[in-house]
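What follows is a set of notes on a single structure, which appears directly below.
Chains as they are written, first to last, in the numbering used here: chain F, 32 to 145; chain D, 18 to 128.
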């Protein structure tokens with residue numbers, strides 16, 4: 032089946048620095064990808080919809096200047112957490128759908144801001 | 018606003034017994050998804066239910082969908098320890114592919 036690869040799987044960064052997370056669809060093209068955030072013991076919450084070649088669409092309450100999304104190609108979307116703070120520590124998961132509509136999820140990125 | 022309500026949120030299971038997780042949703046979506054998540058891991062797809070009356074089974078898990086009642090169930094038969102995980106249901110929130118997830122059901126299977 033289709034694969035969505037997310038990198039890195041874990042990252043620790045200092046408060047105030049920026050972190051980039053990559054999400055790649057390995058064997059299909061994804062004009063749209065989604066970024067979710069999951070806090071411990073909670074469900075996945077959609078942060079934004081990443082659109083190839085255009086601006087991302089952010090969910091209410093998500094700061095677009097803090098969570099920069101770039102979808103420069105049909106197989107790659109990146110999420111950059113800028114000026115990270117400890118409260119941004121979370122599990123970030125991307126997803127994409129293939130041509131049949133089936134959804135695939137990346138492996139997730141555990142971000143810890145110290 | 019689309020709501021997806023999952024219950025129970027926590028389920029302690031005894032090995033060998035049967036249990037059911039319920040997922041209610043507020044939209045007219047005719048697609049529903051079930052996922053499994055192990056600690057520290059991403060989501061593993063279990064079932065995609067595409068129409069009213071759909072029933073799918075894989076091993077000890079069986080999922081069904083009633084779009085008229087806006088209800089899906091995930092039935093676990095003769096629970097075993099390997100089924101310990103958190104289970105999520107999800108519904109299409111729009112036509113572009115974004116999901117609305119339920120809160121998740123944490124399942125712990127004990128001898």
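Backbone N, C-alpha and C fix where the C-beta goes; we use that ideal spot for every residue, glycine too. From a predicted model like this one, the values you see are computed outputs, not experimental measurements.
Bridge-paired residues (DSSP) for residue i
i, result
"residue 76 (chain F)", "F:68"
"residue 73 (chain D)", "D:80"
"residue 35 (chain F)", "F:56"
"residue 98 (chain D)", "According to DSSP, residue 98 (chain D) bridges with nothing at all."
"residue 61 (chain D)", "D:53"
"residue 122 (chain D)", "D:104"
"residue 31 (chain D)", "D:127"
"residue 109 (chain D)", "D:116"
"residue 46 (chain F)", "In DSSP, residue 46 (chain F) forms no bridge with anything."
Residue i vs residue j beta-carbon contact at 8 angstroms
i, j, result
"residue 111 (chain F)", "residue 35 (chain F)", "no"
"residue 94 (chain D)", "residue 28 (chain D)", "no"
"residue 54 (chain F)", "residue 125 (chain F)", "yes"
"residue 127 (chain F)", "residue 74 (chain F)", "no"
"residue 30 (chain D)", "residue 125 (chain D)", "yes"
"residue 48 (chain D)", "residue 104 (chain D)", "no"
"residue 60 (chain D)", "residue 136 (chain F)", "yes"
Spatial distance of residue i from residue j (CA atoms)
i, j, result
"residue 71 (chain D)", "residue 63 (chain D)", "14 angstroms"
"residue 69 (chain D)", "residue 134 (chain F)", "20 angstroms"
"residue 58 (chain F)", "residue 101 (chain F)", "20 angstroms"
"residue 46 (chain D)", "residue 122 (chain F)", "28 angstroms"
"residue 127 (chain D)", "residue 96 (chain D)", "9 angstroms"
"residue 77 (chain D)", "residue 101 (chain D)", "12 angstroms"
"residue 96 (chain F)", "residue 72 (chain F)", "27 angstroms"
"residue 75 (chain D)", "residue 130 (chain F)", "24 angstroms"
"residue 19 (chain D)", "residue 144 (chain F)", "32 angstroms"
"residue 67 (chain D)", "residue 80 (chain D)", "11 angstroms"
"residue 80 (chain F)", "residue 110 (chain D)", "12 angstroms"
"residue 93 (chain F)", "residue 86 (chain F)", "14 angstroms"
Endpoints, the beta strand (DSSP E) within which residue i is located
i, result
"residue 55 (chain F)", "50-56"
"residue 51 (chain D)", "49-54"
"residue 90 (chain D)", "88-93"
"residue 108 (chain F)", "107-112"
"residue 140 (chain F)", "140-144"
"residue 99 (chain F)", "98-104"
"residue 91 (chain F)", "Where residue 91 (chain F) is concerned, there is no enclosing beta strand (DSSP E), given that its DSSP letter is neither H nor E."
"residue 127 (chain F)", "121-128"
Beta-carbon proximity list for residue i, same chain, < 7 angstroms, skipping 5 on both sides
i, result
"residue 48 (chain F)", "115"
"residue 60 (chain F)", "105 and 106"
"residue 17 (chain D)", "Within the shown structure, residues of chain D are numbered from 18 to 128, placing residue 17 (chain D) beyond reach of any answer."
"residue 42 (chain F)", "50, 140 and 142"
Neighbourhood of residue i by C-beta distance below 8 angstroms, restricted to the same chain and skipping five residues each side
i, result
"residue 40 (chain F)", "138, 139, 140 and 141"
Close Cβ partners of residue i (< 6 angstroms) along its chain, the five nearest in sequence each way excluded
i, result
"residue 65 (chain D)", "50"
"residue 112 (chain D)", "none"
"residue 82 (chain D)", "49, 66, 71 and 89"
"residue 33 (chain D)", "95"
C-beta neighbour in chain A for residue i, strict 8 angstroms
i, result
"residue 70 (chain D)", "Included in the structure are the protein chains F and D, with no chain A among them."
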